[in-house]
Each structure stands twice: as C-alpha cells, then as structure tokens.
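Enquirer: Numbering (the numbering used here), first residue to last: 67 to 187.
1) Hey, out of 174, 182 and 162, whose CA is closest to residue 128's CA?
2) Straight-line CA distance for residue 33 to residue 77?
3) Could you tell me the alpha carbon to alpha carbon distance between residue 107 and residue 81, rounded to whole angstroms?
4) Take residue 79 and list the residues in its own chain whose beta-carbon comes closer than 7 Å to its own, dropping the five residues that flank it on each side.
5) Can you list, in chain order, the residues of its chain with a C-beta nearer than 6 Å to that of residue 171? Leave out the 5 residues immediately preceding and following it.
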C-alpha cells in the first residue's frame, strides 16, 4: 500500500506504507514521517472535517476517475494492475477541474454555513 499525495498540478509525492493504513500507529497523512516528507517538498495539507468523504478529493474525484479508466481491462496479476495505474495520468485540466469541484463543495457544505459542516443530503 502507498500514500499518494496530489495537488492542483497533479501528483506530488508517493510514499510506501509498510503496515498498510498506518505510519507509526497514525493515519498516513498525519504521521511525523509523512509530515517531514511533505514539508521537504513544500506541500501544505488542506484540512476538511474528519470522515467527510464528500469533501475529500480522493473520494469524490480521483478514485472514481481512475476506476473508470481502469474498469474495462482485466488484469492477470497485481503487478499488471499497478503498472496500468502508473501509466494512468490525468491532464492538468483534470486536476484543475477536481479542485474547482472541491472548492464548490467546500463553499456549499461549510463556508455557506459559517464553518459548520453540513452533511450532503
């Protein structure tokens, strides 16, 4: 398993996770190791309410996009699937669309409600 960080211009950092979901018993994006790597790359994490998948760009945009593009082929091994994923690359215009969508979601579910998170209905 790997942690994959991205920004408005695309992929930023890929970091292998040795014990799957956690790094030093913490979620991968909050561990000291991850924080140091991201700071070294001048990457600032954006916050959003915990457990709010409708505000996480990975959940509402990136994963569905990758899933749709990798849906039709059948892979004979994990390695073949990983190689296909590595070849999958989003255009900068797609990243910008993702962040525009994210900004609109933040406006709709948080900013318009004075900082109180309003769950998607």
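Just so it is clear, CB atoms sit at the ideal spot from N, CA and C, and this is done for glycine as well.
Expert: Taking the geometry as given:
1) 162
2) Since the first residue of the chain shown is 67 and the last is 187, residue 33 is not available in this structure.
3) If I take the Cα positions, the gap works out to 12 Å.
4) 71, 103, 104, 107 and 109
5) 121
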